[in-house]
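Asks:
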Amino acid sequence: MSAYDIQITEPAEKDLYEIGAYISRELLEPETAKKVISKIAKVINSLGDMPLRNVLVADERLAYKGIRKIIVDNYIVLYIVTENSKTVTIIRILYGKRNWMNLL
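Residue numbers (this note's numbering): 83 to 186.
(1) Would DSSP call V139 helix, strand or coil?
(2) Is the beta carbon of L138 sitting closer than 8 Å to the one on I149?
(3) So within the segment 91 to 116, which uninterrupted alpha helix (DSSP H) runs reach at least 4 residues, ignoring any that extend past its ends?
(4) Buried or exposed: D155, going by 16 or more other Cβ atoms within 10 Å of its Cβ?
(5) Quick check: V159 and I122, are their CB atoms within less than 8 Å of each other?
(6) Should the segment 84 to 92 be called in touch with the segment 108 to 125, which here means at least 3 C-beta pairs below 8 Å?
(7) Is it right to say A145 is buried, meaning 16 or more other beta carbons lie within 10 angstroms of its own, or is it exposed?
(8) If I follow the unbroken beta strand (DSSP E) through Y177, where does it start and stop?
(9) DSSP puts L144 in a beta bridge; with which residues?
Okay, structure coming up:
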């Protein structure tokens with residue numbers, strides 16, 4: 083059993099859906115889309131154990147809010163750890179080459 087509960091925000095769910103849709107429909111690679119989504123989900127689930135192992139983001143404003151990141155292939159999973167409730171909240175899942183700091 084994980085030490086932390088994992089919650090996924092609506093924007094993060096939408097991000098995940100859009101990643102899958104883009105790879106599947108635009109790139110015409112539905113099998114690749116399934117693999118990418120599965121890999122991201124596996125990494126997110128792994129955050130239930132030791133979520134503090136990943137660094138805070140480099141931006142001071144966002145780091146002050148406690149936003150951490152983990153990279154999964156070309157994507158960045160951004161999340162916050164709440165120690166007193168033992169919760170990991172996934173806030174966004176974004177393409178790494180995008181100017182993602184302006185999206186938070």
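Even glycine gets a Cβ: it sits at the ideal position worked out from N, Cα and C.
Replies: Considering the structure as presented:
(1) coil
(2) yes
(3) 92 to 103
(4) exposed
(5) yes
(6) no
(7) exposed
(8) T169 to Y177
(9) According to DSSP, which records beta bridges pairwise, L144 is partnered with nothing at all.
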